[in-house]
Amino acid sequence: MGLMGRAEPALITRRRALQGGVALAAALALPERVLAEAIAPSLIRSRPSLRPGGAPRIGPYRVLAGSLHDHTTDSDGDTASERIAAFLHNYRQDLGIDYCALTDHSDFFPLAYQRDTDAAQAGQPAVVPVPDIWHRQAALAKQYRGEDFSLLRGFEWTNDQENHLNVHFSQNWTSRLGTGDASLRMEPFWDWLNTAPVTDPTGSGLGIGGADGIGIFNHPGDKGALNWDDYGLQKGAAEKMALIEIHGSYGREGRLDSDAGWYWFALSRGWHVSPVMDWDWHMWTADGVMGNTTPGAGYDEGHTFLPGQRSLVLAQNSLPGSIKAALAARRTSATEIPDLWATLRGPGGTWQGGYIQAGPGEKVRLRVDAGSPTEPLQGVEIISDNGLNGSAHYFGDNPDWAANHSQLTISYIEQHRRYIVNGTATRKRLDGGRRHDGPPAGTVVGSAPLTGTRASATIDVTVPRGPSPRPDGRHFFYAIVYAGKSSFPARAWTGPLLTNPHPGAHPDASRSTPAAAPGGLQAPPPPRFAPRPAPLPVPSLARPCGCRL
Ligand SMILES: [Zn+2]
Ligand SMILES: [Zn+2]
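Our numbering puts the first residue of the sequence shown at 1431, with every later residue one more than the last.
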């Protein structure tokens, strides 16, 4: 394919071709395809793009778009990683993406070791090293590394009882087998994530420790009744678990049917997570994605188009180091459509994901920036914990817990029992199968209208006076931006701002046990902007591809 390592085989746009005059001498130095386009106007590409303006700029950052979670034939996807990487790279402008990621189920990785044996049995030289999946994917990722587009490589820890997790940027991988976890609890994995990485002397990558990694809670509510021990906080792991997927139905009709309520819930449990919206794509070939030569013409429209959702990353550029820094700082947002974006800043310009100095009852001025070239902006809501203990709002599956050791909760024991008795994971959803799409009632603490294709708003909110549901006592705020038709909006969620509850003191030295605080709930201000979407029909729980997630 010749797609690796060489200089950018840039699109020649009509404008650039005219500006440059298409000097023959220069053209002769161009790759064959580009040369053909340069000298034959009919071949000049003017392909549609889902994000015509490119990555928006905000402050020192670009709002990079992509997906942090996808599968290949290295686990249960249907297309080779090399082909997927080439496709996404070649169509990056059409798709409006700046990075993509391979995150195969790591319990497939040991299969690679079999290949050595196979080769030997087939009479091929056994001394020829057969790269394992982990290192082969890393080598592939290296070939797509640039300021405008990078391929990332991580893995998906696949535990169908506790639900799945992605880990990015770790030098080692592990699996449920690797951590010796057969006991339906998170501790073995959290131990691995809290251990400094030690290189595997065999070179297979199955080394000890993943403390150099960044974790994602994957598709909340889709796998496993236990949901990471009911989101039971593990302090060390909380430093590494930076992200949570706001998974959703893939189609255009899937709007307003996300897992965004779990974002709120994870924050209320004490995790420091920021939202992302990944594809978790498997069926690249079967669904016709790979054969679509105009993937920028649409999304979610039956087969051949990838979902419209994007994970937005506020980073200097697409190089892995820049993206890693952004993920570690929780500078992400999640959007339901390719070109809607939103960011949140606090006093002093503190970016989303950061901490703001503000005690109970103090006013805080927040700034929201947003854009949506294809669907006009409507407005923004600010969400807070508002002193609310969310347990009662989550299907009765998450009653108050008295300690962080959540395996001892009534909730966990009941979910565990259901898993054993039913034999399948219980999906933790609302009655009727709806996803937990929103935070509990009474948590919208501010709002403002937004109009046009790019806008900003400043919104004053008050830090709740009552105790926080979080073990560290911090309160949190995040924004949801709405665009498009008010009857059926597209949404984007920003990362959170967390308060330092006792200015001057180390925040983590604050209270350690949350108290249920019905008295701490403040009346939200009268909504100036409050889209009230019509109830949607109950969506099918079946995945379009019936695959493994
Ligand atoms: Zn999964
Ligand atoms: Zn997956």
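Beta carbons: idealized from backbone N, C-alpha and C, even for Gly. Since this is a predicted model, take the numbers as computed values, not measurements.
Exercise. Within this structure, are the beta carbons of D1708 and S1741 separated by less than 7 Å?
Worked result: Yes; because the gap between Cβ atoms is below 7 Å, this pair is in contact.
List the endpoints of the continuous beta strand (DSSP E) containing W1692.
Taken as a continuous stretch (DSSP letters only), W1692 belongs to no beta strand (DSSP E), being part of the alpha helix (DSSP H) at 1690-1698.
Evaluate contact between the region 1922-1931 and the region 1779-1789, counting only Cβ atoms and requiring at least three cross-stretch pairs below 8 Å.
Note that the region 1922-1931 touches the region 1779-1789; at least 3 beta-carbon pairs, one per stretch, sit closer than 8 Å.
Bridge partners for L1532 per DSSP, in chain order? DSSP, once it has assigned bridges, lists R1583 as partnering L1532.
Is L1744 helix, strand or coil by DSSP? Looking at L1744 - three-state DSSP - the assignment turns out to be strand.
Tell me the rounded alpha-carbon separation between G1738 and H1499. Answer to the nearest angstrom: the Cα atoms are 14 Å apart.
Open item on the list: According to DSSP, is F1599 part of a helix, a strand, or is it coil?
Closed with: The three-state reading of DSSP puts F1599 in coil, since its state is none of H, G, I, E or B.
| query | Is the region 1643-1661 touching the region 1576-1592, taking contact as three or more C-beta pairs under 8 Å? | reply | Judged by Cβ distances under 8 Å, the region 1643-1661 makes contact with the region 1576-1592, as three or more pairs qualify.
* Asked: Does Q1573 come within less than 7 Å of chain B when only Cβ atoms are used?
  -> The displayed structure is made up of one protein chain only, and chain B is not part of it.
| query | What are the partner residues of K1793, as DSSP defines its beta bridges? | reply | The beta-bridge partner set that DSSP reports for K1793 consists of T1892.
| said: Suppose the cutoff is 7 Å on Cβ atoms and the five residues either side in sequence are ignored; what does the same chain contact list for S1763 look like? | reply: These residues qualify, in order along the chain: P1705, L1742, W1771, A1772, T1773, A1922, W1923, T1924, G1925.
*Out of curiosity, what's the CA-to-CA distance linking F1980 and I1753?*
Residue 1980 is absent from the structure shown; the chain starts at 1431 and stops at 1979.
Integer Cβ distance of R1685 from F1538, believed to fall under 8 Å: Going by Cβ atoms, the distance from R1685 to F1538 rounds to 33 Å, so no, they are not a contact pair.
- Item | Residue range of the unbroken alpha helix (DSSP H) whose run includes L1757 | Unbroken alpha helix (DSSP H) run through L1757: 1750-1758.
*Taking C-beta to C-beta, are Q1591 and L1614 nearer than 7 Å?*
Contact: yes.
### Message
Pull the bridge partners of P1764 from the DSSP assignment, please.
### Response
According to the sequence provided, residue 1764 is Ala. The question's Pro does not apply to it. Looking at the DSSP assignment, A1764 forms a beta bridge with S1741, W1923.
**Asked** If you compare alpha carbons, which of I1638, R1864, E1617 is closest to D1659?
**Response** Taking only the C-alpha atoms, the option nearest D1659 is E1617.
Self-check item: Own chain partners of D1890 with C-beta closer than 8 Å, once the 5 adjacent residues on each side are dropped
Solution: K1793, V1794, R1795, L1796, G1876, listed in sequence order.
- From the DSSP output, in three-state form, read off L1518 for me. The answer is helix: DSSP assigns L1518 an H, G or I state.
G1640 and W1622 look like a contact to me (Cβ under 8 Å); what is the Cβ gap, rounded to whole Å?
In this structure G1640 is in contact with W1622, their Cβ atoms being roughly 5 Å apart against a cut-off of 8 Å.
Q) Among G1882, R1575, L1480, H1712, which residue has its Cα nearest to the Cα of D1506? A) For the options G1882, R1575, L1480, H1712, the alpha carbon positioned closest to that of D1506 is the one of H1712.
**Q.** Cα-Cα separation, P1897 to P1777
**A.** Linking P1897 to P1777 through their CA atoms gives a straight-line distance of about 22 Å.
Any chance the CB of H1594 is under 6 Å from a heavy atom of ligand 1?
Correct: H1594 has its Cβ closer than 6 Å to ligand 1.
Inset, instruction - On a CA-only basis, which of R1900, R1492, H1535 is nearest D1504? Give me that one, please. - result: Ranking the options by Cα distance to D1504, first place goes to H1535.
By DSSP, does V1719 sit in helix, in strand, or in coil? Three-state result, V1719: helix.
Report task. May I ask you to check if the CB of D1710 is nearer than 6 Å to at least one heavy atom of ligand 2? Result -> Ligand 2 has a heavy atom closer than 6 Å to the beta-carbon of D1710.
Below 8 Å on the Cβ atoms is my guess for D2030 versus D1652; work out the distance and round it to an integer in Å. Examination of residue 2030 is not possible in this model, given that the chain is present from 1431 through 1979 alone.
Same chain only: Cβ atoms within 7 Å of V1557, ignoring 5 sequence neighbours per side
Summary for V1557: the model assigns pLDDT 44, below 50, so the residue's position carries little reliability, and this model does not support an answer.
Check: Excluding the five sequence neighbours on either side, which residues of its own chain have a C-beta within less than 8 Å of the C-beta of G1373, listed in chain order?
Finding: Because the chain here runs from 1431 to 1979, residue 1373 falls outside it and cannot be looked at.
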